[in-house]
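Numbering (this note's numbering), first residue to last: 113 to 185.
Note that beta-carbon positions come from the ideal geometry of N, C-alpha and C, so glycine has one too.
Here the structure is a predicted model, which is why all the values come from computation and not from measurement.
Spelled out as structure tokens, the structure:
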């Protein structure tokens, strides 16, 4: 059976998948003293999806907060 396009994409990008993480939404600004501060958006609810990729080299587990995927900065 031929691998699907999804499986081929995962195989080609497995190292990026292992290393990558979707970061929380944050904003950088200068406060009244001219100091850099970072504010992270607080989320009161979201959907979390867990992906598990099983390969001959073991298992990779990735947790995704779908809210972070749908927001743009």
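Contact check between the segment 141 to 155 and the segment 120 to 130: fewer than three CB pairs, one atom from each, fall below 8 Å, which does not count as touching. Rounded to the nearest whole angstrom, the CA to CA distance from residue 141 to residue 135 is 18 Å. The continuous stretches of beta strand (DSSP E) do not include residue 121, which lies in the alpha helix (DSSP H) extending over residues 117 to 124. In the structure shown, the three-state DSSP call for residue 131 is helix. About 14 Å separates the CB atoms of residue 161 and residue 133; that is not less than 8 Å, and the two are not in contact.
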